[in-house]
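Reading through the structure tokens given below for one structure.
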Amino acid sequence: MESKKTSADTTPQTPPKKHRRLKVAALILLGIVALLLLAVLTAPTALSSAGGRRFLLSRINRAVDGQVGIDALSVGWFSGVKLTNLSFESGDGAAQVRVGHIESHPKYTSLIGGRMDMGKTVIDSPQIHLKLSAESDRKPVAKAPTKSAPSRGTPFVLPVHLIDLEVLKGDAVIEVLDANAQSRRIAFKNIASTVTLNETGQTSRLNATMDVSNGQSAGSVKAEAQVTPPKKGWTLEDTDGTFKVSLSQLDLDTLAPLLALAGVDAQTGGILNAEAEVQIRKGALETLVAEATIANFSQGIGDQKVVFDEPVTLSAKGGLKNNVLQIDALNVKTPFCTVTGSGDAETLDYAVKADLAQTQTFLKQFTDLGGYAMAGQLDMSGRINIAENTVASSGAGTIKTLLIEKEDATAPPTDVSLDYDFTMDNAQQQLTIASATLEALPGTIHLADASIPLGHTETPPISLTAQADLDMAKAWPYAQILAEAPADITLAGLLNTTLSVQTLDDTLHIKTDRTGIRNLHVAKEGSEPFVQDQVTLLADITLNLARQSIGINAFDMQSAAGETLIKIIKGKLEQSSDEGMSKMDAEIEAEYDLQTVSAFAAPFLPEGLKVQGKRKDRFVLSSQWPQDAPEQKIANLNGTGGFGFEQAEYVGLNFGPTELAMNIRQGVVNMTIPETTVNRGKLRFAGTIDLNEEPMFLRLNEPTALLENVQINDIISAQLLTYVNPIFAGAVRTSGLANLTCRKLVLPLSSDHSDKLDIDATVNIADVRLQAGDFLGQIMTLVNLRQTVQLNVQPTDFLVRQGRVSYRDMAIELGDYPLNFSGSLGLDNTLSMNVKLPLSMDFRPVRLADAGTNRIEIPLGGTVQKPAIDTERLLRQQLEQQRDRLIQEGLRRLF
Numbered sequence: 010m011e012s013k014k015t016s017a018d019t020t021p022q023t024p025p026k027k028h029r030r031l032k033v034a035a036l037i038l039l040g041i042v043a044l045l046l047l048a049v050l051t052a053p054t055a056l057s058s059a060g061g062r063r064f065l066l067s068r069i070n071r072a073v074d075g076q077v078g079i080d081a082l083s084v085g086w087f088s089g090v091k092l093t094n095l096s097f098e099s100g101d102g103a104a105q106v107r108v109g110h111i112e113s114h115p116k117y118t119s120l121i122g123g124r125m126d127m128g129k130t131v132i133d134s135p136q137i138h139l140k141l142s143a144e145s146d147r148k149p150v151a152k153a154p155t156k157s158a159p160s161r162g163t164p165f166v167l168p169v170h171l172i173d174l175e176v177l178k179g180d181a182v183i184e185v186l187d188a189n190a191q192s193r194r195i196a197f198k199n200i201a202s203t204v205t206l207n208e209t210g211q212t213s214r215l216n217a218t219m220d221v222s223n224g225q226s227a228g229s230v231k232a233e234a235q236v237t238p239p240k241k242g243w244t245l246e247d248t249d250g251t252f253k254v255s256l257s258q259l260d261l262d263t264l265a266p267l268l269a270l271a272g273v274d275a276q277t278g279g280i281l282n283a284e285a286e287v288q289i290r291k292g293a294l295e296t297l298v299a300e301a302t303i304a305n306f307s308q309g310i311g312d313q314k315v316v317f318d319e320p321v322t323l324s325a326k327g328g329l330k331n332n333v334l335q336i337d338a339l340n341v342k343t344p345f346c347t348v349t350g351s352g353d354a355e356t357l358d359y360a361v362k363a364d365l366a367q368t369q370t371f372l373k374q375f376t377d378l379g380g381y382a383m384a385g386q387l388d389m390s391g392r393i394n395i396a397e398n399t400v401a402s403s404g405a406g407t408i409k410t411l412l413i414e415k416e417d418a419t420a421p422p423t424d425v426s427l428d429y430d431f432t433m434d435n436a437q438q439q440l441t442i443a444s445a446t447l448e449a450l451p452g453t454i455h456l457a458d459a460s461i462p463l464g465h466t467e468t469p470p471i472s473l474t475a476q477a478d479l480d481m482a483k484a485w486p487y488a489q490i491l492a493e494a495p496a497d498i499t500l501a502g503l504l505n506t507t508l509s510v511q512t513l514d515d516t517l518h519i520k521t522d523r524t525g526i527r528n529l530h531v532a533k534e535g536s537e538p539f540v541q542d543q544v545t546l547l548a549d550i551t552l553n554l555a556r557q558s559i560g561i562n563a564f565d566m567q568s569a570a571g572e573t574l575i576k577i578i579k580g581k582l583e584q585s586s587d588e589g590m591s592k593m594d595a596e597i598e599a600e601y602d603l604q605t606v607s608a609f610a611a612p613f614l615p616e617g618l619k620v621q622g623k624r625k626d627r628f629v630l631s632s633q634w635p636q637d638a639p640e641q642k643i644a645n646l647n648g649t650g651g652f653g654f655e656q657a658e659y660v661g662l663n664f665g666p667t668e669l670a671m672n673i674r675q676g677v678v679n680m681t682i683p684e685t686t687v688n689r690g691k692l693r694f695a696g697t698i699d700l701n702e703e704p705m706f707l708r709l710n711e712p713t714a715l716l717e718n719v720q721i722n723d724i725i726s727a728q729l730l731t732y733v734n735p736i737f738a739g740a741v742r743t744s745g746l747a748n749l750t751c752r753k754l755v756l757p758l759s760s761d762h763s764d765k766l767d768i769d770a771t772v773n774i775a776d777v778r779l780q781a782g783d784f785l786g787q788i789m790t791l792v793n794l795r796q797t798v799q800l801n802v803q804p805t806d807f808l809v810r811q812g813r814v815s816y817r818d819m820a821i822e823l824g825d826y827p828l829n830f831s832g833s834l835g836l837d838n839t840l841s842m843n844v845k846l847p848l849s850m851d852f853r854p855v856r857l858a859d860a861g862t863n864r865i866e867i868p869l870g871g872t873v874q875k876p877a878i879d880t881e882r883l884l885r886q887q888l889e890q891q892r893d894r895l896i897q898e899g900l901r902r903l904f
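Taking the working numbering, the leading residue of the sequence shown gets 10, the next gets one more, and so forth.
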């Protein structure tokens with residue numbers, strides 16, 4: 010019984026089925042892991058094979074616009090990644106990239122944690138060629154909606170966490186094409202850089218160098234950077250860093266292609282050397298130090314170019330202190346100016362010194378200076394205060410030996426001092442000038458409490474007060490240059506004025522009640538000056554710019570004795586438009602002293618005209634014209650008025666009291682002088698001026714006896730009668746009675762069109778007594794007459810056309826002897842005439858009774874002022890006469 014039990018206990022038992030299942034599952038799992046491990050271990054080999062490389066390139070080329078190529082690809086778990094002859098060309102051929110060799114040793118295990126640690130990476134011999142269009146030639150590209158920028162404290166994630174990168178022997182070319190397919194290139198050669206990117210909280214470093222050129226001598230660029238971000242990630246907040254940039258012998262002309270990409274067509278040249286260093290502490294700019302020098306700087310636009318002989322230098326030092334920008338020093342020096350400054354973001358002290366002549370030479374290539382030229386030394390200093398919506402500035406300065414020129418006119422040199430205090434409110438769009446003063450040789454001009462709106466928005470009105478003390482004689486040369494005041498007028502006197510200017514809506518209001526001039530002297534060459542010991546002026550004028558209207562509420566110029574010189578009782582000019590038609594109405598009523606008015610109007614009056622008398626006249630004008638045809642404004646002008654004088658003098662003609670009535674109908678002025686006295690004779694005239702003509706002419710209405718028994722004198726003889734006949738040349742002590750009857754008179758009102766003067770008239774001068782000049786004296790010696798003689802000019806028809814006075818026969822009774830002239834005299838002083846002398850062909854004197862006798866005729870030349878015998882014409886005439894005489898004698902012998 011025991012033996013059986015023992016035997017039964019030692020018999021083996023069969024394992025349960027569940028243990029078998031676990032074993033099978035374990036074997037399957039081990040198989041799967043082995044397969045995965047085999048796939049991972051063999052993946053680099055697969056990718057490095059030709060088939061794997063082709064597969065990878067096909068996937069890449071389908072995803073990009075262009076063609077990517079790789080000659081060799083090697084991937085290994087321990088040997089890293091190696092690429093040989095990597096290339097890329099964009100679909101349009103604008104971008105080409107070639108890299109000789111790339112080698113990287115990434116840590117593959119970092120990918121498990123979602124990181125990319127590239128390890129040591131070398132890019133050898135990269136070459137990049139880009140073809141781009143200039144900014145002005147590029148088509149606008151639709152912009153995707155922009156995302157708001159992250160705040161300073163928000164970390165951003167870099168695609169690479171760790172890398173030790175080195176770039177060797179890199180080259181890059183950027184080619185910029187303009188609209189004409191002309192290309193400009195900039196080349197970056199010998200690019201070398203190292204980038205060490207570490208974990209956040211540790212220092213990362215960058216070093217880079219390159220040469221920059223455009224086919225000429227190359228400049229160099231070096232950059233260094235050390236950045237330590239906070240551990241929480243790459244964010245500007247709490248980041249420390251140092252950045253250094255160095256530029257050496259960089260030709261600015263090489264940067265032209267890059268500027269063209271930004272749409273700037275620059276012609277800037279020069280050699281730039283510069284260094285800059287920036288330090289950041291806790292995300293804030295702690296210090297900035299920069300220095301730059303540009304040698305042989307040049308700037309040009311179009312055909313103009315300016316080259317500086319001296320270098321341009323710049324230095325700056327500053328930073329942030331307590332989160333406020335601090336400018337410790339700013340210095341800019343050019344050959345024509347020096348600028349220095351210091352301060353902070355709210356207050357800046359500045360100083361400027363400039364040579365105005367050299368500054369102008371530089372500026373005139375960018376803007377038209379209107380023909381003005383300036384010279385002098387500017388020295389300005391002041392302070393600028395910047396607030397949220399306002400910029401205020403105050404300062405003072407001088408200009409030593411300021412010289413202003415335009416064309417051939419030059420103002421006297423003067424020293425200038427100026428000071429100012431103004432505030433510009435950007436929110437209100439308003440400039441407020443608390444005060445501004447300018448002192449120079451002519452005097453002082455002061456502005457105070459000025460308020461000037463800026464822009465076109467709803468703004469407060471203009472308001473300013475100006476005060477001036479000027480020596481007008483010293484100011485006049487500046488007015489001739491700056492305001493084109495007439496050069497043949499001289500103006501003197503001491504001006505003191507206070508002027509206020511205000512606006513309300515579209516109305517400008519100008520007013521002065523304190524303007525005075527002491528020792529006023531106004532003169533024009535050849536005219537009697539206008540002189541007043543004291544002149545006062547009260548004026549109140551409004552201008553409506555929208556309605557183009559002028560209203561003279563008051564204008565009263567008085568002498569020291571309170572006598573009115575010019576007083577406008579009523580003055581207005583209004584224009585309006587409605588339903589396609591424009592309308593103009595004007596009216597002026599004034600009292601004035603003609604001597605005063607003629608002195609101020611001298612530039613527009615004939616030289617030598619003197620007018621006297623006190624007048625009170627009224628003029629009314631009106632016109633209507635289609636709004637789209639403004640040239641018809643004058644054509645439709647209508648009006649009435651009158652003018653006159655008590656006494657006038659012009660070229661020896663002394664006029665008595667005269668009234669001139671004017672009536673304007675459809676742009677044609679009708680003028681009538683019924684009859685007035687002139688040199689104890691009579692003058693009458695009725696004519697028209699068509700305001701639509703260019704140039705304008707004064708035309709006689711009908712044949713008229715203009716002058717009747719007008720006494721002549723030396724002035725009339727010298728300025729008028731010498732153009733009628735040579736006998737008046739050089740004559741003195743002249744007297745006589747002149748009569749002129751015009752059948753036609755067309756007088757141009759512009760001296761530039763004197764050749765269009767057209768006269769058809771008859772003249773005679775009776776009882777002439779004169780002391781002969783050289784020419785007439787020579788004729789008188791032929792008949793033994795004295796130098797003082799009595800003569801008569803018989804009625805003679807003459808014409809004035811194309812600038813010449815001509816007639817066929819002007820008969821003159823020289824005492825008891827006849828003289829006959831024919832030919833022409835030019836208003837340009839030329840002379841071409843013939844004169845029949847009171848001598849027979851055998852040189853015997855001929856009396857008036859025998860005037861029909863054959864007499865000697867000689868040609869005249871020379872000038873109107875100095876007539877002389879034309880010997881060349883005389884010899885030619887004598888030869889012709891001898892020839893004719895010989896032919897006649899030969900014919901008589903034959904027949």
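Glycine included, C-beta positions come from ideal geometry on N, C-alpha and C.
When burial is assigned at 16 or more other CB atoms within 10 Å of the CB, is residue i buried or exposed?
i	result
valine 221	buried
threonine 376	exposed
lysine 845	buried
leucine 513	exposed
valine 873	buried
isoleucine 788	buried
arginine 523	exposed
isoleucine 41	Residue placement at isoleucine 41 is flagged as unreliable, the pLDDT there being 49, under the threshold of 50; the coordinate-derived value follows with that caveat. Exposed, because fewer than 16 other Cβ atoms sit within 10 Å of the Cβ of isoleucine 41.
Return the CA-CA distance between residue i and residue j, expressed in angstroms with no decimal places.
i	j	result
valine 660	valine 687	12 Å
methionine 383	methionine 389	17 Å
asparagine 70	glycine 102	15 Å
threonine 423	glycine 406	14 Å
leucine 779	asparagine 793	16 Å
glycine 617	alanine 477	33 Å
isoleucine 721	lysine 483	42 Å
glycine 379	glutamine 369	12 Å
leucine 171	glutamate 208	7 Å
leucine 44	valine 84	A caution first: leucine 44 carries a pLDDT of 49, below 50, which makes its placement in the model too unreliable to give a value.
glycine 650	histidine 455	41 Å
phenylalanine 317	serine 591	56 Å
lysine 373	glutamate 300	28 Å
aspartate 262	glycine 278	5 Å
asparagine 647	serine 426	52 Å
glycine 179	serine 402	51 Å
By DSSP's criteria, residue i is part of a beta bridge. Which residues make up the other side?
i	result
isoleucine 724	DSSP lists no partner for isoleucine 724.
proline 868	Asn843
aspartate 767	Val755
glutamine 799	Arg778
valine 315	Gln308
In terms of residue numbering, what span does the alpha helix (DSSP H) encompassing residue i cover?
i	result
proline 486	481-491
lysine 907	Residue 907 lies beyond the stretch modelled for the chain, which goes from 10 to 904, so this question has no answer here.
proline 266	265-270
At what residues does the beta strand (DSSP E) containing residue i begin and finish?
i	result
methionine 127	126-142
threonine 512	498-513
leucine 365	No beta strand (DSSP E) holds leucine 365; the alpha helix (DSSP H) holding it covers 365-372.
State the CB to CB distance for the pair residue i and residue j, rounded to an integer number of angstroms; the pair is presumed to be in contact (CB under 8 Å).
i	j	result
glycine 327	glutamate 295	10 Å between Cβ atoms; not a contact.
leucine 749	leucine 716	4 Å
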